[in-house]
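These notes concern the structure reproduced below.
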């Protein structure tokens, strides 16, 4: 089945710093790829997604590009804010009923 | 629009007691339904999923069970809780069918269970 590997955390940054969280996937085909975000004490919510190679998902200043050649979907933001402190999950979906999640990366942004 | 609710939000239970967490979805028909567990400092573990009423698939052996008595209702249960059952439980839904299911999951607010 599919599997997702993402960068280990935790990650601590200062405000306005650049954030990158690496994510790679293993799948038999070309899965749809997602980044979910979980703010403290809440459920997960979709941050962005890409459904085919070279697609770029973007939302709230975050971006990730579906790279088929490197099987990657790295998350980036050019200038983080304290409100971006959360746990970020990379996920992949192929042609069954289940979404495969990475282990999650905890990001803390300091003022 | 679609909404998902799960309850209770917080639960503290003694070891050996029963458990019932409930999840309901509104605004869609025949959704796929999921229960995930998130242990402290760890990722998401898929526990159960269901593609229809009475159809439950279990992903990991454990003392938990799931039921789907109605199309948009999904219940997570245990007869006797263990300390290791503590965690944050998340219900989620996705659209049914290969033509419409893009893989996107819509999550509930979560239920925090502490077993003492």
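Protein chains in written order, with my numbering: chain A, 25 to 135; chain B, -17 to 98. Built from N, CA and C at the ideal position, the CB exists for glycine as well.
Count the other CB atoms, across all protein chains shown, that sit within 10 Å of the CB of residue i; report buried if there are 16 or more and exposed otherwise.
i, result
"residue 98(B)", "exposed"
"residue 77(A)", "exposed"
"residue 85(B)", "buried"
"residue 63(A)", "exposed"
"residue 69(A)", "exposed"
"residue 128(A)", "buried"
"residue 83(A)", "exposed"
For residue i and chain A, any beta-carbon pair shorter than 8 Å?
i, result
"residue 89(B)", "yes"
"residue -7(B)", "no"
"residue 84(B)", "yes"
"residue -3(B)", "no"
"residue 33(B)", "yes"
"residue 45(B)", "no"
"residue 72(B)", "yes"
Can a CB atom of chain B be found closer than 8 Å to the CB of residue i?
i, result
"residue 54(A)", "no"
"residue 95(A)", "no"
"residue 127(A)", "yes"
"residue 32(A)", "no"
"residue 81(A)", "no"
Under the three-state reduction of DSSP, which class applies to residue i: helix, strand or coil?
i, result
"residue 65(B)", "helix"
"residue 11(B)", "coil"
"residue 104(A)", "coil"
"residue 81(A)", "strand"
"residue 25(A)", "coil"
"residue 88(B)", "strand"
"residue 117(A)", "strand"
"residue 70(B)", "strand"
With DSSP as the reference, please indicate the residues paired to residue i in a beta bridge.
i, result
"residue 112(A)", "61(A), 129(A)"
"residue 138(A)", "Here chain A covers residues 25 to 135 and nothing more, so residue 138(A) does not appear."
"residue 52(A)", "None; residue 52(A) has no bridge partner."
Those runs of the beta strand (DSSP E) which lie wholly inside the region -15 to 61 of chain B and span at least 3 residues:
-15 to -11, -8 to -5, 1 to 8, 14 to 20, 26 to 34, 37 to 40, 46 to 52, 55 to 60
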